[in-house]
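According to this note's numbering, the stretch in the sequence shown is residues 249 to 519, in order.
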Amino acid sequence: MDYLKEGEHFGEKKQQLVVKDVILSKANASPTDHIPWHYHKHAYFLYNINGYLNEVTKKGTLELQPNTLLYHHSQEPHYNKDIQKEFDFLHVELPSAWFLKYDLSPNLIEGDLLLKDPSLQTLFHKIHIESQLADQATNLAIDGLLLQTFGQITRLQAQDLDIHKPLWVNKLIELVNEERWEVLSLNYLATELQLHPVYLSRKFPVYFKMSFGEYVREQKLKKAIDLLLYHPISQAEVAYQCGFSDESHFIRIFKLKYGVTPAVFKNQHRG
Numbered sequence: 249m250d251y252l253k254e255g256e257h258f259g260e261k262k263q264q265l266v267v268k269d270v271i272l273s274k275a276n277a278s279p280t281d282h283i284p285w286h287y288h289k290h291a292y293f294l295y296n297i298n299g300y301l302n303e304v305t306k307k308g309t310l311e312l313q314p315n316t317l318l319y320h321h322s323q324e325p326h327y328n329k330d331i332q333k334e335f336d337f338l339h340v341e342l343p344s345a346w347f348l349k350y351d352l353s354p355n356l357i358e359g360d361l362l363l364k365d366p367s368l369q370t371l372f373h374k375i376h377i378e379s380q381l382a383d384q385a386t387n388l389a390i391d392g393l394l395l396q397t398f399g400q401i402t403r404l405q406a407q408d409l410d411i412h413k414p415l416w417v418n419k420l421i422e423l424v425n426e427e428r429w430e431v432l433s434l435n436y437l438a439t440e441l442q443l444h445p446v447y448l449s450r451k452f453p454v455y456f457k458m459s460f461g462e463y464v465r466e467q468k469l470k471k472a473i474d475l476l477l478y479h480p481i482s483q484a485e486v487a488y489q490c491g492f493s494d495e496s497h498f499i500r501i502f503k504l505k506y507g508v509t510p511a512v513f514k515n516q517h518r519g
């Protein structure tokens, strides 16, 4: 399988613009081109300016029509076929440094996405225009448009998740809120929700943006803060009521999360 390094892609490169960390390449592919299985070093967007092409991934085939937008996370294998007419595209490559510059995770969006929302197409039409202008304002303009793009994608994904959220999600929240820490486990929840534990473990981060263990720990710490600030009980009792194995375990987990011990936290936030 071919590995494409920074700045590389298939097709005939017409022009390339490097704007700080972002690499913008305008290129063309023709029906006679053979584009085998490959993957890229960095994440990238592909904006289809003209023509038709099928993108084949491990999960299936994505049909690219004019003005459609494709996002590939880094290292995702794929190949292209069925190129119709001259396929003109804008390839926008995003090294990890670009994400880190804005305190974003390079894994903010994973997988292969065919993005059909008109608002995203409008943003990339503007990026295409900026890549042609290439003046002193291009750097700021392109970064701003890319940040808008990622913001819009995450909003659209959140809306989609909320609309299609399965019934077990709210039921799971109710079960965790019962605070039966002594029995709370993935297997217990799977049994109560009539789901397979493997399925629940895989799907949990999709709806909660963290693992099951992280979520339970967060709930325990929220409960602990409430007890520390508003109830006259000992630190050991807080640890017990919140399901920590002992007081030292509670202190260690609390300090890892908040940077201070429970006692210091209580003094800092005492009304």
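We treat Cβ as the ideally placed atom computed from N, Cα and C, and that holds for glycine.
Assuming residue i is part of the alpha helix (DSSP H), what are its boundary residues?
{"i": "Glu485", "result": "483 to 489"}
{"i": "Leu348", "result": "344 to 349"}
{"i": "Lys514", "result": "510 to 516"}
Note down, in chain order, each residue of its chain lying with its Cβ closer than 7 Å to the Cβ of residue i, except the 5 sequence neighbours on either side.
{"i": "Phe460", "result": "Leu434, Ser449, Phe452"}
{"i": "Leu443", "result": "Trp416"}
{"i": "Leu342", "result": "Val270, His290, Ala291, Tyr292"}
{"i": "His257", "result": "Ser273, Ala275, His339"}
{"i": "Ala484", "result": "Glu495"}
Only counting the same chain, and skipping five residues up and downstream in sequence, which positions put a Cβ closer than 8 Å to that of residue i?
{"i": "Gly359", "result": "Lys307, His321, Glu324"}
{"i": "Phe398", "result": "Leu352, Leu356, Ile357"}
{"i": "Gln400", "result": "Asp365, Ser367, Leu368, Leu371"}
{"i": "Pro279", "result": "Ile331, Gln332, Lys333"}
Can you round the beta-carbon distance between residue i and residue j to whole angstroms, since I take them to be within the 8 Å contact cut?
{"i": "Tyr295", "j": "Tyr251", "result": "With 8 Å as the limit, Tyr295 and Tyr251 do not qualify as a contact, their Cβ atoms being about 23 Å apart."}
{"i": "Leu301", "j": "Asp330", "result": "7 Å"}
{"i": "Thr316", "j": "Lys364", "result": "6 Å"}
{"i": "Glu297", "j": "Leu338", "result": "The question names Glu, but residue 297 is Ile in the sequence shown. Ile297 to Leu338, Cβ: 6 Å. Contact."}
{"i": "Lys413", "j": "Tyr478", "result": "Actually they do not touch by this definition, with Cβ atoms about 32 Å apart."}
{"i": "Val267", "j": "Ile390", "result": "5 Å"}
{"i": "Leu420", "j": "Leu437", "result": "6 Å"}
{"i": "Leu476", "j": "Val486", "result": "6 Å"}
Are there 16 or more other CB atoms within 10 angstroms of the CB of residue i, so buried, or fewer, so exposed?
{"i": "Glu254", "result": "exposed"}
{"i": "Trp535", "result": "An answer regarding residue 535 cannot be provided, because it is not within the stretch 249 to 519 covered by the chain."}
{"i": "Asn328", "result": "buried"}
{"i": "Ala385", "result": "exposed"}
{"i": "Ile501", "result": "buried"}
{"i": "Ser482", "result": "exposed"}
Short of 6 Å in beta carbon distance, which residues of its chain neighbour residue i, apart from the five on each side in sequence? Order them along the chain.
{"i": "Leu348", "result": "none"}
{"i": "Gln263", "result": "Lys274"}
{"i": "Leu393", "result": "Leu371, Lys374, Ile375"}
{"i": "Ala277", "result": "Gly259, Ile331, Phe335"}
{"i": "Gly491", "result": "Trp429, Lys468"}
Counting along the chain, where does the beta strand (DSSP E) carrying residue i start and finish?
{"i": "Ala382", "result": "Note, Ala382: premise wrong, no beta strand (DSSP E); not H, not E."}
{"i": "Val270", "result": "270 to 277"}
{"i": "Lys262", "result": "260 to 267"}
{"i": "His320", "result": "317 to 320"}
{"i": "Leu362", "result": "360 to 363"}
{"i": "Leu356", "result": "From DSSP, Leu356 is part of no beta strand (DSSP E); its letter is neither H nor E."}
In chain order, what are the residue ranges of uninterrupted alpha helix (DSSP H) at least 4 long that sit wholly in the segment 422 to 504? 434 to 441, 445 to 456, 460 to 478, 483 to 489
I'd like the ranges of any beta strand (DSSP E) spanning at least 3 consecutive residues and lying wholly in the segment 285 to 312. 291 to 305, 308 to 312
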